[in-house]
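Residue numbers (the working numbering): 2 to 282.
Beneath this line is the structure, given in structure tokens, with notes to follow.
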Amino acid sequence: MTFNVLLQYILPHRALSRVVYWATRWTFAPWKNFLISQIVQRYQVNMAEAAQPDALAYQHFNAFFTRKLRPDARRADGDPTALISPADGKISQSGPIVDGRIFQAKGQEYTAAELLGDEAAAAPYRNGRFVTVYLSPRDYHRVHMPLAGTLKETVHVPGRIFSVAPFAVEAIPRLFARNERLVCHFEGEHGPFVVVMVGAILVSSVATVWDGLVIPPYASSIRRKSFAGQNITLERFAEMARFNMGSTVILLLPEGMTELDALQPQQAVKVGQRLGLQTRR
């Protein structure tokens with residue numbers, strides 16, 4: 002076990018995340034400008050795409066991190082049957098779900114039931130398809146709908162807040178099924194699908210367009226919220242949520258609903274880019 006991986010087990014995840022949550026919202030100009038400048042320079046953030054291209058004009062670091070893009074900066078694939086990327090980032094893994102098991106990295110896997118926190122809810126995805134997208138600090142951190150869908154339920158699953166950087170994904174067993182996460186269940190034109198917002202160390206914070214800030218507070222037990230009858234329907238490519246700091250999005254799709262393209266690990270993707278095609282007409 003490397004030192005970096007060992008740290009993931011011994012660091013006080015939630016305490017650190019609470020400190021960073023407030024530090025990234027401090028409006029003291031020298032502080033927030035220092036943080037923003039470090040990220041822009043270190044990760045070569047493309048501010049020309051941002052609705053506000055002046056990085057130091059943001060009120061605090063989190064406002065910069067969750068910045069809007071120009072309306073023309075991203076486009077949805079022109080084929081209305083295309084499954085599109087929900088986020089900017091890199092493909093961590095993608096492919097078939099085999100008897101309920103999802104590939105994480107070489108020698109690492111977890112189950113759909115563990116990820117969703119519910120055996121019954123995982124049943125439609127037992128032999129379906131999955132796509133995992135990793136967002137780095139340089140990426141746009143708003144998440145968009147991969148398909149049109151009506152929100153049925155969210156499930157806030159408690160857990161650790163391990164890093165989701167590649168070194169951790171390769172070394173920590175069942176990482177995505179152990180981290181704090183928000184599971185969003187949708188019903189689309191051709192069946193159900195799930196968008197999972199996986200938290201990460203140093204502010205496991207998630208906000209949705211329908212509920213505002215959901216994480217924190219951190220959960221001590223599974224929290225379910227039904228949206229049945231509320232008719233919250235979002236179009237393909239519409240904004241659905243955002244990460245306050247980076248993390249990972251996982252899509253689950255039922256068997257026969259979508260044929261994925263030949264996506265490769267570490268392949269860069271952008272919001273709206275085609276990931277596959279719906280096969281049910």
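Where a beta carbon is used, it is the ideal one built from N, C-alpha and C, also for glycine.
Kindly indicate the opening and closing residues of the beta strand (DSSP E) around residue i.
i, result
"residue 219", "From DSSP, residue 219 is part of no beta strand (DSSP E); its letter is neither H nor E."
"residue 153", "150-158"
"residue 9", "First-last for residue 9: 4-11, but that is the alpha helix (DSSP H), not the beta strand (DSSP E)."
"residue 245", "240-245"
"residue 274", "From DSSP, residue 274 is part of no beta strand (DSSP E); its letter is neither H nor E."
"residue 91", "90-97"
Assign residue i to buried or exposed, taking buried as 16 or more other Cβ atoms, counted over all protein chains shown, within 10 Å of its Cβ.
i, result
"residue 222", "exposed"
"residue 10", "exposed"
"residue 76", "exposed"
"residue 181", "buried"
"residue 237", "buried"
"residue 291", "The requested residue 291 is not part of the displayed model; the chain covers only 2 to 282."
Tell me the rounded alpha-carbon separation between residue i and residue j.
i, j, result
"residue 261", "residue 277", "4 angstroms"
"residue 231", "residue 2", "48 angstroms"
"residue 161", "residue 250", "16 angstroms"
"residue 275", "residue 78", "6 angstroms"
"residue 137", "residue 28", "23 angstroms"
"residue 119", "residue 24", "35 angstroms"
"residue 213", "residue 206", "11 angstroms"
"residue 158", "residue 267", "27 angstroms"
Is the beta carbon of residue i sitting closer than 8 angstroms to the one on residue j?
i, j, result
"residue 192", "residue 258", "yes"
"residue 135", "residue 91", "yes"
"residue 113", "residue 103", "yes"
"residue 127", "residue 96", "no"
"residue 228", "residue 5", "no"
"residue 188", "residue 153", "yes"
"residue 52", "residue 71", "yes"
"residue 194", "residue 253", "yes"
"residue 184", "residue 165", "no"
Between which two residues does the alpha helix (DSSP H) harbouring residue i extend?
i, result
"residue 22", "14-24"
How about residue i: is its C-beta nearer than 8 angstroms to some C-beta of chain C?
i, result
"residue 42", "Any reference to chain C falls outside this structure, which holds one protein chain only."
Point to revise | the stretch 162-173 touching the stretch 103-121, judged by at least three CB pairs closer than 8 angstroms | key: The stretch 162-173 vs the stretch 103-121: in contact.
Practice item. State whether the stretch 60-70 contacts the stretch 30-43, with contact taken as three or more CB pairs (one from each stretch) at a distance under 8 angstroms. Key: Yes, they touch.
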